[in-house]
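Down below is the structure, laid out as structure tokens.
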Amino acid sequence: MLTRLPAILALTLTLFVDALLAADGGTLRFCLRADPKTFDPLLVEDEPSGVIRYLTGGYLIRRNRLTQELEGELATRWQIAEQGRRIDFQLRPNLKFSDGTPFSCDDVAFTIKRMMDPSLHSTVADSFRTVPGQVDVACSGAGSVTIRFPAPVSALADQFDQVAIQSAHSPQKLAAVMGPFLLHEYKPGSYVSLEANPYYWKTDSKGHRMPYLHSIRLDIQQNRDLEVIRFRRGELDLVEHLDGEAYERLAAEMPRAVVDAGPSLDWEIIVFNQVAKAPLPAYKLHWFRSTAFRRAISEAINREDLCRIVFRGHAQPASGPVSASNHFWHNAALKPDPHSPAEALQRLEKDGFHRTGGNLVDREGNRVEFSLITNAGSKTHERMLSLIQQDLAQIGIHVNAVPLDYSSILERFSRSFNYEGALMSITNVDLDPNGQKDVWLSSADVHQWNPNQKSPETEWEARVDKLIVAQTETLDRGKRKVYFDEVQQIVVDQAPMIFLVNPNSLGAFSLNLKNVSPAALRPQLYWNADRLYFSGALVAAAQN
Amino acid sequence: MTKLQKAAAGVFLLLALLSLLGARGDSASAQNREAIAVSPSAKFPLGTDDLGRDRLARLIEGTRVSILLAPAAALLSTLLAAAIGGIAGYRGGRIDRIVVTVADLFLSLPWLLLLLAVRALLPLNTSPMASVLLTFLLLGCLGWANPGRLVRAAARTAANSDYVLHARACGVSGWRLFWRMLVPNLFPILLAQFWIAVPVYVLSEANLGLLGLGVSEPLASLGSLLRELANYDALSQNPVVFAPVAVLVILAGCLHLLVSREKALSC
């Protein structure tokens, strides 16, 4: 009997700890960069509001950030039909909102209709709205719901990863949620407090109700340096999107706390202004519209140095518009342009440029000099620009680095087009190429280098338009991949955007925080927030 | 002049000479990409920064920019303060009220927005040197209000003093009274305001750099070098980053000692 005692004690303790786990897994603390602009999940446009939506929203389907596959949540299964015009969901039975209101098909219908209401101006609805028309939602008694759109919606199931279901009947209206947490308190400029949803539907393999955490406190903290300092003091439990410098500092001090989850979906790019009506000298516009010129700039930039020096080795040279971390859509045939000033010069000479006294001049004798604007205050961009300045100086090009405030950049991009080139970070949250659709369509207003074209101004843009439309019109994933691979190849060959690097997803989390599974996709560390808990919290609870 | 003051003048001149004669060409902006953030050595006496640039060369270039432009901006704001504040205090009445109101307005308005607007309006291919010249010009033009109020108060007191009354009684009036009686008595205040403004403008330029106005890469200034101090960890790991602070303290200290001398002379 004595020999079995340790095993019995261990089993008892395990059961006891499991019981506690459901009771209080502690309070998770991390930072939002700004106040959330809305708590309405259908109106989310900013990142802080998106964080709240992610943690409080209940979704029919959600993408697993680690496997990158869609998983059923409030729906147990789903099926797409009528060439992407219709989707059928089988709802999970006996679920409740955070206030105890039962979940039903009515809630799905209410959410979809509210979302598609043009007067709401929901940006979430834009992905579903291909043509004007009525969206029909039909319920059947067996917990199934059918949603029919007026035209096929590309990657229809993927779009539901953004649609948090709202209650049609709850007296608490928007405050009733189906996610793991619910809003407890918001002090503008200070913090947002979330607490565990007592009616959260998910249980673990042992039947314990989730989430394990008791609450989440989101401090509103704009200063990244302060955020890192607070993490080191133990005032925060996790930090995401660290830059290489902060990561290295933390790694030196807390090597087990930091995590490099590999290349993110984000890009660092250079884009040249090719807008015909831009207030630029004609000869400069001619440079920027020259594929040879853009390719030469790409070849003259040392991406390896950017990764090594600016990102401290925590970035990968970018090969194209899809990061290698996007397992399915990445075109593995593409390679980053190798650093080759000699080839860049050859390419420029073929295009009529030549060197005179250390300067590059064009066919008409104009010295090649341009400015690159970027957002002021970004150490990363300032350093990147310094390296790019020196790289391009090697082939006789003079670059003026111009840091500007955000509103000025936005005005230049969208209205005055008064800029020559820009160094930009593009945050990409969508795995599916439809998330980038408006970047590539020549008629779109975020077709950055030459937006709002009435008809494509170049042959290759016309081809890209066709391919983008074609990939939206088919449900065959394989065909879509073929189409989008060609898009990737064209934009790398034509270089309307010069893809520089994909920064890695860097973060750090408290060693007491358990079940963290770092992912390259956002959110990187708390994507499985319902499974996180603190080992210390369990010990304290056990002692009490 | 005491020995200390002579030493201060010597150090100031030495710094000025070093900054004017040292680190010419592109030595301050050249990147040594295989020597990123290295410790001090014979080749790089103060080590290199995060882009492999020689810290000593950048310190010399930064001191040159700041030692020339910050005093120039301080001189401009002091002259404006002397003219506006002095006339307001001397003339009194409606002019005085207008000047006080305008000074209050200058002190209360968020000039940062103007500076941002100016940067946004500048041609994008403005050279870093032209940009920094404009920055210090703006600082000089906008910085008159505070010293102007002090000068105005001093001028008001002086205008009602016995010696001015005596001068008036003797038939001295108008500009002669202003230049001969008032300005010499305002001079110590103006000088003190000038020396106080110099380090303030160096630091203002550092703050503006964060917003994209001021000294842009690859040009260095004391202000832009001070931004490295924002890196909390670098302070303990690499004391060399304090070098610009040391130069700024030495400069301000020298200027302070020289001010004391000027004050002593003016009394």
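Residue numbers (the numbering used here), protein chains in the order written: chain A, 37 to 580; chain B, 2 to 268.
Every residue, glycine too, gets a C-beta built ideally from N, C-alpha and C.
These numbers were taken from a predicted model, which means no experiment stands behind them.
What is the DSSP secondary structure of residue i, reduced to helix, strand or coil?
i      : result
A/H205 : coil
A/H322 : helix
A/W114 : strand
A/P247 : coil
A/T166 : coil
A/Y236 : coil
A/W303 : strand
A/A458 : strand
B/T79  : helix
A/A58  : Caution applies to A/A58, whose pLDDT of 46 falls short of 50 and renders its modelled position unreliable; the value that the coordinates give is listed next. Residue state, collapsed to three classes: helix.
A/T63  : strand
B/I88  : helix
A/N395 : strand
A/H582 : Nothing about residue 582 of chain A can be read from this structure; chain A reaches only from 37 to 580.
A/I337 : coil
A/E83  : helix
A/R121 : coil
A/L421 : helix
A/S452 : helix
A/P138 : strand
What does the alpha-carbon distance come out to for the pair residue i and residue j?
i      : j      : result
B/D163 : B/V250 : 41 Å
B/L108 : B/V199 : 18 Å
A/A58  : A/R245 : Unreliable positioning characterises A/A58 in this predicted model, as indicated by a pLDDT of 46, which lies under 50. A coordinate reading is not provided.
B/R228 : B/L259 : 28 Å
B/F243 : B/A221 : 15 Å
A/R266 : A/A412 : 24 Å
A/E418 : A/S571 : 41 Å
B/Q238 : B/A207 : 22 Å
A/R98  : A/F196 : 7 Å
A/D76  : A/V173 : 21 Å
A/Y562 : A/N538 : 21 Å
A/A211 : A/G62  : 23 Å
A/S229 : A/E379 : 56 Å
A/P234 : A/V275 : 27 Å
A/N362 : B/A104 : 59 Å
A/G349 : A/E400 : 41 Å
A/D501 : A/R101 : 30 Å
A/E107 : A/P138 : 22 Å
A/A437 : B/V246 : 26 Å
A/S491 : A/L459 : 27 Å
A/F146 : A/D162 : 17 Å
A/S414 : A/E447 : 19 Å
B/C255 : B/N33  : 34 Å
B/S30  : A/A354 : 27 Å
A/Y227 : A/Q258 : 12 Å
What are the residues that DSSP puts in a beta bridge with residue i?
i      : result
A/V295 : A/G543
A/N436 : A/S407
A/G108 : A/I97
A/Q352 : A/N538
A/S180 : A/Q126, A/S176
A/I445 : None, per the DSSP bridge assignment.
Could you say which of the options lies nearest to residue i if we only look at CA atoms?
i      : options                        : result
A/P84  : A/C67, A/R98, A/Y95            : A/C67
A/P315 : B/S40, B/P124, B/R177, B/G90   : B/P124
B/P185 : B/L135, B/A156, B/D50, B/L81   : B/A156
A/V505 : A/S180, A/D142, A/P188         : A/P188
A/S407 : A/H434, A/V397, A/R399         : A/H434
A/D273 : A/P186, A/A282, A/E263, A/A174 : A/E263
A/I526 : A/V552, A/Q352, A/R348, A/T327 : A/T327
A/L78  : A/Q507, A/D71, A/R89           : A/R89
B/A75  : B/G90, B/V103, B/W145, B/E35   : B/W145
A/I256 : A/L249, A/G243, A/K223         : A/K223
A/L219 : A/Q524, A/P72, A/Y519          : A/P72
A/E281 : B/L52, B/L5, B/S28, B/A17      : B/L52
B/A154 : B/T79, B/G175, B/G87           : B/G87
B/G93  : B/S78, B/L134, B/N33, B/T158   : B/T158
A/I431 : A/E385, A/G543, A/P439         : A/E385
Next on the checklist: What ranges does the beta strand (DSSP E) occupy inside the region 515 to 572 of chain A, keeping only unbroken runs of at least 3 residues that lie completely in it?
Outcome noted: 533 to 545
Checklist entry - Enumerated in chain order, which unbroken segments of the beta strand (DSSP E) with a length of 3 residues or greater are wholly contained in the region 99 to 133 of chain B? => result none
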